[in-house]
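Read through the structure below, which is laid out as structure tokens, and then see the notes.
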Amino acid sequence: MIKSLNSTYTNEIRVSQMDETNPIGLFLVTSGSKGDRLLFRYPFGIEVNKDIDKKKNKKSPYALLNDNKDDLHILHEESCESNECSLTGFDDKLLSTLFAVKPELCGEKFELKIENVRFIGHPTYLRHISNREKTTITMFHVVFALLADASYSIVDCYHDFSQRFSIAIRNEECRNSYLTAQVKLMQSAHDEIASLPEGHTESPYNLILSRSELAVQLKDAFEDLKSTGIVRAKVNNWIELSFCLPIKVHRLQDERLLVEPEDINACLKDLRPYHGMLLLTDASELLSSLPEDSSPALIRLISVTSPLKNLQQLAADADIILSHVFQLVSHLLYWGKATIIYPLCDSNVYVISPYAPTHLNSSLETKFCDQFSNMSLLGILSQFSLPISLSELDNPMNSSYQQAQRVQMVIWMLQHRLLTQLHTYVYLIPPERASSSMQNGELIEDTTRTIKTLESSDLSSSYQSEESLLSPSHSKASSISDEEDLSLREQDCIRQANLTPSERDSILRDASHNNKDDLKNFIRFCSYFRGRHHLEEIMYCENIRRSHLLSLLDKFRNILITCQFEDTAVVALNKRL
71 MIKSLNSTYT NEIRVSQMDE TNPIGLFLVT SGSKGDRLLF RYPFGIEVNK
121 DIDKKKNKKS PYALLNDNKD DLHILHEESC ESNECSLTGF DDKLLSTLFA
171 VKPELCGEKF ELKIENVRFI GHPTYLRHIS NREKTTITMF HVVFALLADA
221 SYSIVDCYHD FSQRFSIAIR NEECRNSYLT AQVKLMQSAH DEIASLPEGH
271 TESPYNLILS RSELAVQLKD AFEDLKSTGI VRAKVNNWIE LSFCLPIKVH
321 RLQDERLLVE PEDINACLKD LRPYHGMLLL TDASELLSSL PEDSSPALIR
371 LISVTSPLKN LQQLAADADI ILSHVFQLVS HLLYWGKATI IYPLCDSNVY
421 VISPYAPTHL NSSLETKFCD QFSNMSLLGI LSQFSLPISL SELDNPMNSS
471 YQQAQRVQMV IWMLQHRLLT QLHTYVYLIP PERASSSMQN GELIEDTTRT
521 IKTLESSDLS SSYQSEESLL SPSHSKASSI SDEEDLSLRE QDCIRQANLT
571 PSERDSILRD ASHNNKDDLK NFIRFCSYFR GRHHLEEIMY CENIRRSHLL
621 SLLDKFRNIL ITCQFEDTAV VALNKRL
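Letter by letter, the sequence shown follows residues 71 to 647 in my numbering.
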């Protein structure tokens, strides 16, 4: 459910260079027979509701907050570090009223925007849970505060985390009244602070953090989301909770990188078995960081992963079906542990990425020198100033160690997104040489008739040579029958290629310089010559060698144009701000 509130408050925002992926605040609210109450909030450094003197200056307890002293706003303190801010003007009573929704609204997405602040949560209902101690709590709500201009992808991720956390708490409340016990600890802390004399400066939330395990887990989750985007918690030391904020995780790898869940889904749609997977961290380090209940298939896949293998080979080596490999790869992509590449081979063409840092004081230069002693990152990158294949970089005078080191350097640069692989795409662009005498469908009829003649003569002769041991009568009868079948098959191929009359005419004109087998193969491949399939994909789909494909393209070079650019599956993972 989406709420909207047209606030009459005049908000002030003093925020500079803030990361919209970072949460601004976190709140825990409960509702029951004793009313609504905000039990915990973090951070709690600035609390307007504790300023007693300002409260005394109000003309009426029912007056509207129409003065600047009580405006709802985000305050960016000059003394705070970059990307840190606090909420002011949001007192506990106001927030508890806003977040304690009706029972019929529980179990749905909660979204509330007040000027420049957006609150995201998932209220959860508790009344019909069995095996609970007698308690007055009927609803609880874990809410995150974000910048209002945060993208919907970020909003959806925070709602997903609030929902997961709430499900874990609800499960533990059902199992052993976990939430009831934690709420009692928090309420007792609030009561103790409220009983102190007026003018005290102690916050009840500091006392809650020292007593409540749930409060500590909420605080740790908030800090983890700000620092790494990854949360690993164990609610009540029983339920494992793992969460990843993919936009944050990928941005930590490159501050200009913008990879949202929708981009990962787009990459998966274009993922093919001939693609490969490149781990962004060491395999042993990744395996050691996995949870104890990780899938054995995932462990096997990581163990056999190599930048020299495609996904089909990885499936065979790890003894996993290909569809499951795709699911595991998507998991690693989401968590920022891997990226998609084409497996390394001599024919791969690379060029320096337009986003690669080439200044002398780059932090990557130091990392590269630590990894490869006596080597200069800028010197290696200069070799890729123009598109170049790995085979062209090979020096026959280099030792096997130097060749292996070059491969490792290319892998390192791909992990840090310093190189872009270019693939060759083919376009069928026939010259306009259609005869003026062929109009009103005459060209199509003539082209079809010519193709049938070429196919018939060629297929007949090839069949006879293959079946030379058969009797003449048998051979002739079979030749006529197979000729007709194959001719129909070639016609279907032409129709599927959606060739225009000018394209057909140009192919037939160019065919005079080539043999009949080349013409048939070219017509069969015409559907790939629309600029949507690169050479590696054609090789995989048609099971043809690169040398044979390049030879065919060279024979029809007069009506073809080739271009080089990135693979669409890889482009989706390299979006920049």
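Quick reminder that beta carbons are idealized off the backbone N, C-alpha and C, glycines included.
### Query
Under 8 Å between the Cβ atoms of Lys645 and Asp324?
Going by C-beta atoms, Lys645 is not nearer than 8 Å to Asp324.
### Query
Based on the DSSP output, what are the partners of Glu310 in its beta bridges?
In the DSSP assignment, the residues bridged to Glu310 are Lys304.
### Task
Give a yes or no on whether the C-beta atoms belonging to Leu96 and Phe313 are separated by under 8 Å.
Their beta carbons are not under 8 Å apart, which means Leu96 does not touch Phe313 by this criterion.
### Message
Assuming contact is defined by CB atoms lying nearer than 8 Å, are Tyr412 and Asp637 in contact in what I supplied?
### Response
Going by C-beta atoms, Tyr412 is nearer than 8 Å to Asp637.
### Query
Would you say Arg594 and Tyr497 are within 8 Å of each other, going by their C-beta atoms?
Not a contact, by the Cβ cut-off of 8 Å.
### Task
Return the CA-CA distance between Asp352 and Leu384, expressed in angstroms with no decimal places.
Straight-line spacing of the CA atoms in Asp352 and Leu384 works out to 17 Å.
### Task
Taking Lys183 as part of the alpha helix (DSSP H), name the residues at either end of that continuous run.
Annotation for Lys183: no alpha helix (DSSP H) segment contains it, though the beta strand (DSSP E) segment containing it runs Phe180 to Ile184.
### Task
Quick one: grab the DSSP three-state call for His320.
When DSSP states are grouped into helix, strand and coil, His320 belongs to the helix group.
### Close beta carbons around Glu554, own chain, < 7 Å, minus the five adjacent residues each side
Model confidence at Glu554 stands at a pLDDT of 39, short of 50, so the residue's coordinates are unreliable; what they give is reported in the following sentence. So no residue of the chain qualifies.
### Message
I need the straight-line Cα distance from Lys73 to His394, nearest angstrom please.
### Response
Note that Lys73 has pLDDT 42, beneath the 50 cutoff, so the model's placement of it is unreliable and no number is given.
### Query
Out of curiosity, what's the CA-to-CA distance linking Arg370 and Asp230?
Between the alpha carbons of Arg370 and Asp230 lies a gap of roughly 29 Å.
### Query
Looking at Thr250 and Thr205, is the spacing between their C-beta atoms short of 8 Å?
It is a contact, given that the beta carbons lie within the stated cut-off.
### Query
So, is Tyr598 buried or exposed, given that buried needs 16 or more other C-beta atoms within 10 angstroms?
It is buried - the Cβ of Tyr598 has at least 16 other Cβ atoms within 10 Å.
### Query
Short check: CB of Leu381 to CB of Asn418, under 8 Å?
Taking a C-beta distance under 8 Å as the contact criterion, Leu381 and Asn418 do not qualify as a contact pair.
### Cα-Cα separation, Val374 to Val225
If I take the Cα positions, the gap works out to 36 Å.
### Task
Pair every Cβ in the segment 623 to 630 with every Cβ in the segment 330 to 345, then say whether three or more of these pairs are closer than 8 Å.
In short, these stretches do not touch, since the Cβ pair count stays below three.
### Query
What residue range is occupied by the uninterrupted beta strand (DSSP E) comprising Cys611?
First-last for Cys611: Leu605 to Glu612, but that is the alpha helix (DSSP H), not the beta strand (DSSP E).
### Message
Residues in the same chain with beta-carbon distance under 7 Å from Ser282, minus the five sequence neighbours each way, listed in chain order, please.
### Response
Gln252, Leu255 and Met256, listed in sequence order.
#### Entry: Length of the line joining the Cα atoms of Cys633 and Leu288
Roughly 52 Å separates the two Cα atoms.
### Message
Given this structure, state the Cα-to-Cα distance separating Ser166 from Gly102, to the nearest angstrom.
### Response
One C-alpha to the other measures close to 12 Å.
### Query
For the segment 341 to 384, which segments carrying the beta strand (DSSP E) assignment without a break, of at least 3 residues, lie completely within its bounds, in sequence order?
Listed in chain order, they are 346 to 349.
### Message
Tell me the DSSP secondary structure of Asp161 in three-state form.
### Response
In the structure shown, Asp161 sits in coil (DSSP, three-state: anything other than H, G, I, E or B).
### Task
Label Ala547 either buried or exposed according to how many other C-beta atoms from any shown protein chain fall within 10 Å of its C-beta, with 16 as the threshold for buried.
Reliability fails at Ala547, whose pLDDT of 36 lies under 50, so the model's placement of it is uncertain and the value that follows must be treated cautiously. Taking every protein chain shown into account, the CB of Ala547 has fewer than 16 other CB atoms within 10 angstroms, so this residue is exposed.
### Task
Kindly identify the DSSP beta-bridge partner or partners of Cys633.
Answer is Tyr495, bridged to Cys633.
### Query
Does DSSP put Val99 in a helix, a strand or coil?
Correct three-state label for Val99: strand.
### Query
Since Asp387 sits in a beta bridge, which residues does DSSP pair it with?
Residue pairing by DSSP places Asp387 opposite no residue, since no beta bridge is assigned to it.
### Message
Within 10 Å of its beta-carbon, does Arg326 have 16 or more other beta-carbons around it, so buried, or fewer, so exposed?
### Response
So Arg326 counts as exposed.
### Task
State the DSSP-derived secondary structure class of Phe189, mapped to helix, strand or coil.
Strand.
### Query
Mapping DSSP to helix, strand and coil, what is Met88?
Annotated three-state conformation of Met88 is coil, per DSSP.
### Query
Within 10 angstroms of its Cβ, does Thr472 collect 16 or more other Cβ (buried), or is it exposed?
What sits at residue 472 in the sequence shown is Gln, not Thr. Burial call: exposed.
### Message
By the three-class DSSP mapping on this structure, what secondary structure does Ile577 have?
### Response
Ile577: helix per DSSP, three-state reduction.
### Task
Mark Arg188 as exposed unless 16 or more other C-beta atoms lie within 10 angstroms of its C-beta, in which case mark it buried.
Classification for Arg188: buried.
#### Entry: Test item: CB-CB of Gln491 and Tyr420 under 8 Å
Contact flag set, yes.
### Query
Who are the Cβ neighbours of Phe438 in its own chain at under 6 Å, not counting the five residues just before and after it?
Counting only Cβ-Cβ distances below 6 Å, and skipping sequence neighbours, we find Leu447.
### Task
Below 6 Å CB to CB, which residues in the same chain sit around Asn698 once its five sequence neighbours on both sides are set aside?
Limits of the chain in this structure are 71 at one end and 647 at the other, which puts residue 698 out of reach.
### Message
Quick check on DSSP: helix, strand or coil for Met209?
### Response
Reduced to three states, the DSSP call for Met209 is strand.
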